[in-house]
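Engineer: Structure below; questions to follow.
In this note's numbering, the protein residues as written are 1190 to 1501.
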């Protein structure tokens, strides 16, 4: 497949990133929602497109995303229209209803992805493929690397886009002054989520919330301690997919655009010898962008994922 070439209108990496996020809409995606109960008595909301297929894609969204985001709906729709069932899942606290436990979600919470995969596999699918974007890409790759040869044999292929393979370096990158518009938006959303959580769990400490000015400070104050990490750097170190991908034992595609404003140079490795891994670094694409202006409404990322998963 030809590499990605953006429409002339999207002439900077910021336009390539912002246009799909704010202006894309995907029609005729009518999910069936299923709520499953986790082993710690919390819940996950799964959104399905079902047609009785024996083939399934499981799609994982990015930071502060949900199944309602256009990039998730677009990916689910293209696979559904090609004969697959599609399962887009919301992380804890991302489905429109706050989860019931103190924990939220984070870049390394592979226990929840494993629970979703096992639930899907129990339904009798003969083929499951995993697709992840951004944080969901890191999560998916970390999961596959952790599982290695123990990964459920029904999982056949893995595709990820715009992956912050090195979480610490990528946090520093997105926190640069040129990326203020993104980091501020994420931070505002995350802080609101903590405030909403405190309405359910009253002993959640909010005294530092208003003082937090960066994503690093947020991870240090909330993400790390709430999920069993010493601090933000311990969280980044233990959850970065770059430390796990050498163990992956399924055909895996990792697509990171070289002009992605969120990704540091560490997110473009060139020295992995794992034959299961295919790295593609298009010159353009932005972060979770890859827009195409065409009559069928498909984005390049959707076409590329479909091609990779369907190629024997």
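Cβ coordinates follow ideal geometry from the N, Cα and C atoms, glycine included. None of these values were measured; they are calculated from a predicted model.
For residue 1370, count neighbouring C-beta atoms within 10 Å of its own C-beta (all shown protein chains included) and say buried if the count is 16 or more, exposed if not.
Structural biologist: The residue in question, residue 1370, is exposed, as its Cβ has fewer than 16 Cβ neighbours within 10 Å.
Engineer: When DSSP labels each residue in this structure, what does residue 1391 get in the three-state scheme?
Structural biologist: Three-state result, residue 1391: coil.
Engineer: Near residue 1284, which residues of its chain fall below 6 angstroms by C-beta distance, leaving aside the five closest residues on each side in sequence?
Structural biologist: Only 1234 meet the Cβ criterion.
Engineer: Rounded to whole angstroms, what's the CA-CA distance from residue 1248 to residue 1352? Just pull it up for me.
Structural biologist: Answer to the nearest angstrom: the Cα atoms are 14 angstroms apart.
Engineer: Taking 9 angstroms as the cut-off, decide whether the C-beta atoms of residue 1251 and residue 1477 are in contact.
Structural biologist: Yes, Cβ-Cβ distance for residue 1251 and residue 1477 is below 9 angstroms.
Engineer: Enumerated in chain order, which unbroken segments of the alpha helix (DSSP H) with a length of 4 residues or greater are wholly contained in the stretch 1290-1376?
Structural biologist: The stretch 1290-1376 contains these whole alpha helix (DSSP H) runs: 1299-1310, 1324-1336 and 1356-1363.
Engineer: Report the three-state DSSP secondary structure of residue 1221 (helix, strand or coil).
Structural biologist: DSSP places residue 1221 in strand when its eight states are reduced to three.
Engineer: Which same chain residues end up closer than 7 angstroms to residue 1193 when comparing Cβ atoms and leaving out the 5 residues on each side of it in sequence?
Structural biologist: Cβ neighbours of residue 1193 beyond the five flanking positions: 1471, 1473, 1474, 1479 and 1489.
Engineer: Going by DSSP in three states, residue 1210 sits in which element: helix, strand or coil?
Structural biologist: Correct three-state label for residue 1210: helix.
Engineer: Please list the terminal residues of the continuous alpha helix (DSSP H) segment that includes residue 1261.
Structural biologist: Here the alpha helix (DSSP H) through residue 1261 covers 1259-1269.
Engineer: Could you pull the start and end residues of the beta strand (DSSP E) that residue 1229 belongs to?
Structural biologist: Element bounds for residue 1229: n/a, residue is neither H nor E.
Engineer: Could you give the distance in angstroms between the alpha-carbon of residue 1301 and the alpha-carbon of residue 1366?
Structural biologist: Their Cα atoms are separated by approximately 33 angstroms.
Engineer: Hey, how far is the Cα of residue 1224 from the Cα of residue 1230?
Structural biologist: Cα to Cα, residue 1224 sits roughly 12 angstroms from residue 1230.
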